[in-house]
Amino acid sequence: MPDGDDGEAGDGSDESSAGGQTKDWRRATICVSSQVGCAVNCQFCLTAKLGLQRNLTPGEIAGQVVTVLDRHAVRMGRDRVNLVFMGMGEPFLNYDNLMAAVRLLVHEVSLSPQRMTVSTSGIVPGIERFAEEPSDLRPKLAISLNAPNDQIRAEIMPINRKWPISEVIDAVRRVRFRPHERITFEYVLLGGVTDRPEHARELARLVRRTGLPAKVNLIAWNPGPDFHYTTPKPETAELFKQALTADGIPAYIRQPRGRDIFAACGQLKRTVEG
Ligand code: SF4
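In terms of this note's numbering, the sequence shown opens at residue 941 and continues consecutively.
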């Protein structure tokens, strides 16, 4: 993803692009998959419809990055590259291969783990293992939260019935955050389901109660076939963001990348057969 996600924060937020800086591939973010398909079954995600096909190997995970670096003639040290493990799959359900890939990328490609962000749907045992990783090999953490309470979250993310929000947050508290590091809460705005003003207020309370250094990345839902959800209007997303920031929670709207070719967040599944 060139620009937009600029990636200075290394987590796909728009934080550093707000100033209208020049945007080019030298400041890109690469979105990396960890599995083929996914078993987590988030109700708003096209990848979920594939089910889990298989885990990717460490070489296949790291290889996605190396392929993009080669294709765009990226020179480490000159160009600023960030990775987000937010592609197809749940990274913490392929934990050993994910972390082996991270070690490959750190040691063999010279990418900093502080420019990598792993996003999880809330796999508590995975977060607990992640908290034990040495800080020179641990990427930053994002939680795919997507709802302001357990009731809505369990409807749109069945995984919440196994690990409710409080258990996820307790596991996150074990992570020893580096100075200035923040956890990212990813939040997909589903029209009428998670995007109302009361949801924003409840989300702000939830994030504040965690006591964690945190920010919220808002993603307007990217449509797909056979879903009954709707994409909120840009002004609804903006109001949601303003409600969070007014409540003291840093919040950013992530611009969709690849929606035009059905390859944006939550759309990673082939839509044409044959
Ligand atoms: S949103 Fe992520 S964790 Fe949920 S089904 Fe899609 S790929 Fe899996």
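Glycine residues also receive a C-beta, built at the ideal position from the N, C-alpha and C atoms.
Simplified DSSP state of residue i, which is helix, strand or coil
{"i": "F1180", "result": "helix"}
{"i": "L1117", "result": "The question names Leu, but residue 1117 is Phe in the sequence shown. Coil."}
{"i": "L1130", "result": "coil"}
{"i": "D1019", "result": "strand"}
{"i": "N1037", "result": "helix"}
{"i": "G1146", "result": "The sequence given here places Leu at residue 1146; Gly does not occur at that position. Here L1146 sits in helix by DSSP."}
{"i": "F1167", "result": "coil"}
{"i": "L1158", "result": "strand"}
{"i": "M941", "result": "coil"}
Cβ neighbours of residue i in the same chain (closer than 7 Å, five flanking residues each side left out)
{"i": "R997", "result": "Per the sequence shown, residue 997 should be read as Thr rather than Arg. Taken in chain order, the residues that qualify are N1037."}
{"i": "R1122", "result": "P1153, A1154, K1155"}
{"i": "M941", "result": "A968, T969, C971, R1197"}
{"i": "A1040", "result": "P998"}
{"i": "C982", "result": "A988, S1061, I1096, M1097"}
Sequence-distant residues of the same chain with beta carbon closer than 6 Å to residue i, five excluded per side
{"i": "N1157", "result": "S953, T1124, E1126, Y1192, R1194"}
{"i": "P1190", "result": "K1155"}
{"i": "P1104", "result": "D1090"}
{"i": "V976", "result": "Q993, R994"}
{"i": "T1176", "result": "D1135"}
Same chain, Cβ closer than 8 Å to residue i, neighbours up to 5 away in sequence not counted
{"i": "A1183", "result": "P1137, A1140, R1141, A1144"}
Residues whose Cβ lies closer than 5 Å to any heavy atom of the ligand SF4, in chain order: C978, V980, C982, C985, T987, A988, E1030, S1061
3-residue-minimum beta strand (DSSP E) runs that sit fully inside the segment 955 to 1015, ordered along the chain: 967 to 971, 975 to 977, 992 to 995
Segments assigned beta strand (DSSP E), at least 3 residues, entirely inside the segment 1057 to 1127: 1080 to 1084
Cβ pair count under 8 Å reaching 3, the segment 1020 to 1027 against the segment 1064 to 1072: no
The segment 1127 to 1135 in contact with the segment 1100 to 1107 per 3-pair CB rule at 8 Å: no
The segment 1040 to 1059 touching the segment 999 to 1018, judged by at least three CB pairs closer than 8 Å: yes
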